[in-house]
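Read through the structure below, which is laid out as structure tokens, and then see the notes.
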Amino acid sequence: MDEELLRSAARRIATAASVTTYEDLGVQQAPHSTLVSYLNKLLWILTGNFGRPGTMFLHSAFAALAGGSGKSGRGRRTPVTGAKIISGLVPCNSIAEEILTDHPDRFRAMWIESANPAHSLADSRAFAEALDALDLVVVVDVALTETARRADYVLPAASQFEKWEATFFNTEFPHNAFQLRPPVLDPLPGTLPEPEIYARLLRRLGAADEGLLATLTKAAHTSRAAFGQAFFAAVGEDPKLFGLAPHLLYETLGTALPEGRRATAPVWGLAQLCAMTYPDAVRRAGFTDGDALFDAIVATPSGVTFTVDDWDDVWTYVRRPDRRFTVEIPELIEKLRELGDPESPGSSLTSAAYPLVLSAGERRSFTANTIYRDPTWRRRDAQGALRVSPADAGRLGLSTGSAARLHTERGSAHVVVEVTDMMREGHISLPNGLGVDHPDHGTVGVAPNDLTSLHHRDWLAGTPWHKHVPARLEALGPVQTLA
């Protein structure tokens, strides 16, 4: 990129009245991904673009998307590779390596819910081998996925249209909203909603004390106030019960809710925590406490605003007691300095053997990860063409519709080419979500993770570099007609 473009952008950011930034998978799944995320945040923190109209902000959350960030979890690492466990999450590119070893502490079992790692994680071949090496694999899903076919047990779940369902990407400001959607169809025979699946398992395990369940159930049928008092007294006396809270609520409070609403009981617990965490913001949204918030959520399938904030409230979401940001992270500052060292590794993994950069999993108008496995819903780009720049197409003798063979360090695939000026020279792209094995339609398109590597990952967080896969392309045959 031309240096003057970078300098011009820097000057505009430095002098602008307000700046916001948006970061997504392009930089998050490429070399220096964690460093880039850090520098992106420094960009708006150090230029004063936080906490006023037109700038960045922090917001409430109805429920945490990942593990806690408390000090107790810091320093944890996986037993085999020593990968950092950040927010309770094991880096996905380390999982296969934690299994395919004779290490005494290797991973022995996996419980997989609503995920298809045999297709969606890097190096599908290695992950399939890892699944086969485990002592036990249990899958909870709505489809017999590539992962489910390798499982010892498959527990079929009801679909999102057949059960109470919610999304926890609640990131709005100043009005943040949450929607709990009721079922609109009867579940298929033999399927169960997840709360019932787990309840049946936990009952057989005897995970909850029967006396406690009886006490909480009696309180729930007495009054909501009596239940709240009994529940928080129990978890206050034994904090380990927080880990069982969704099950306890389903088994006790759930029995006192109107027919068909038992599965909403765990949301009562989330509503209580939300009201305790953001009491002023919840009151500004019109709710006196967690009970009022829960009742509104269940009664309003179109969704409710659960917190209301203003710009004056943004700094209250900064977790440090002094309401400041921690900007000095020595590990990342050291990596930043290394960028100017001619002896340090370069940003690109390309070579003479693999001169192109493949984006393995571009989001397009008619891809949807693996949410929809039936390929017939896609109206355009049904085969998932490989997008190539005009310059590269001319050099390789390719045209739109040309057949080609795509090679990476981990595999190769037959592709159909689409020449487009959306691609920069040296860059090619495949869509995400294709290459799934559908029972009625077979396999359509290329599965990107047949081409990706476990070892192309961030040094700190282990993030896969799906947007920077070294590749080469060779022409194969005549032009085809693209749908």
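Take the position in the sequence shown, starting the count at 1, then add 390; the result is the number in our numbering. C-beta: ideal position from N, C-alpha, C; glycine also. Small disclaimer: the values here were computed from a predicted structure and weren't measured.
So what does residue i bridge to, in DSSP terms?
{"i": "V672", "result": "Per DSSP, none; premise fails for V672."}
{"i": "S819", "result": "S749, R777"}
{"i": "H797", "result": "S802, R862"}
{"i": "H422", "result": "None, per the DSSP bridge assignment."}
{"i": "P546", "result": "D531"}
{"i": "W501", "result": "V528"}
{"i": "R847", "result": "P854"}
{"i": "R571", "result": "E555"}
{"i": "T833", "result": "D827"}
Measure the C-alpha to C-alpha separation of residue i and residue j and round it to an integer number of angstroms.
{"i": "G693", "j": "S398", "result": "43 Å"}
{"i": "E536", "j": "A772", "result": "21 Å"}
{"i": "A861", "j": "A420", "result": "14 Å"}
{"i": "A661", "j": "A486", "result": "37 Å"}
{"i": "P585", "j": "A653", "result": "6 Å"}
{"i": "K369", "j": "L425", "result": "The question about residue 369 has no answer, for the chain in this structure spans 391 to 873."}
{"i": "A750", "j": "G816", "result": "14 Å"}
{"i": "Y428", "j": "M446", "result": "15 Å"}
{"i": "G823", "j": "D764", "result": "11 Å"}
{"i": "A473", "j": "D513", "result": "18 Å"}
{"i": "C482", "j": "L511", "result": "7 Å"}
{"i": "S459", "j": "R614", "result": "Bear in mind that a pLDDT of 45 at S459, under 50, signals an unreliable position, so the number given afterwards is only what the model happens to contain. Roughly 31 Å separates the two Cα atoms."}
{"i": "L602", "j": "P711", "result": "37 Å"}
{"i": "R593", "j": "A400", "result": "59 Å"}
{"i": "V409", "j": "G650", "result": "47 Å"}
{"i": "A616", "j": "L643", "result": "11 Å"}
{"i": "A865", "j": "A783", "result": "9 Å"}
{"i": "S504", "j": "G787", "result": "42 Å"}
{"i": "W767", "j": "S819", "result": "21 Å"}
Counting C-beta neighbours from all protein chains within 10 Å, is the total for residue i 16 or more, i.e. buried, or is it exposed?
{"i": "R391", "result": "Note that residue 391 is Met in the sequence shown, not Arg. Classification for M391: exposed."}
{"i": "H828", "result": "exposed"}
{"i": "A837", "result": "buried"}
{"i": "R770", "result": "exposed"}
{"i": "K857", "result": "buried"}
{"i": "I687", "result": "buried"}
{"i": "E488", "result": "buried"}
{"i": "A609", "result": "buried"}
{"i": "E394", "result": "exposed"}
{"i": "F558", "result": "exposed"}
{"i": "Y412", "result": "exposed"}
{"i": "G825", "result": "buried"}
I need the boundaries of the beta strand (DSSP E) containing residue i, first residue and last residue.
{"i": "A598", "result": "That residue, A598, is in no beta strand (DSSP E); it is neither H nor E in DSSP."}
{"i": "V876", "result": "No statement about residue 876 is possible, as the shown extent of the chain runs from 391 to 873 and does not include it."}
{"i": "A567", "result": "565 to 568"}
From what residue to what residue does the alpha helix (DSSP H) around residue i run?
{"i": "A508", "result": "507 to 510"}
{"i": "K857", "result": "K857 -> no alpha helix (DSSP H), and no H or E assigned at all."}
{"i": "P720", "result": "720 to 728"}
{"i": "V688", "result": "680 to 689"}
{"i": "S398", "result": "393 to 405"}
{"i": "R713", "result": "Counting along the chain, R713 falls outside any alpha helix (DSSP H), and DSSP gives it neither H nor E."}
{"i": "S514", "result": "514 to 523"}
Of all the alpha helix (DSSP H) runs that stay within the bounds of the stretch 438 to 496, which reach a length of 4 or more residues?
-> 485 to 489
Contiguous alpha helix (DSSP H) assignments of at least 4 residues, all confined to the stretch 601 to 662 = 614 to 627, 635 to 641, 643 to 646
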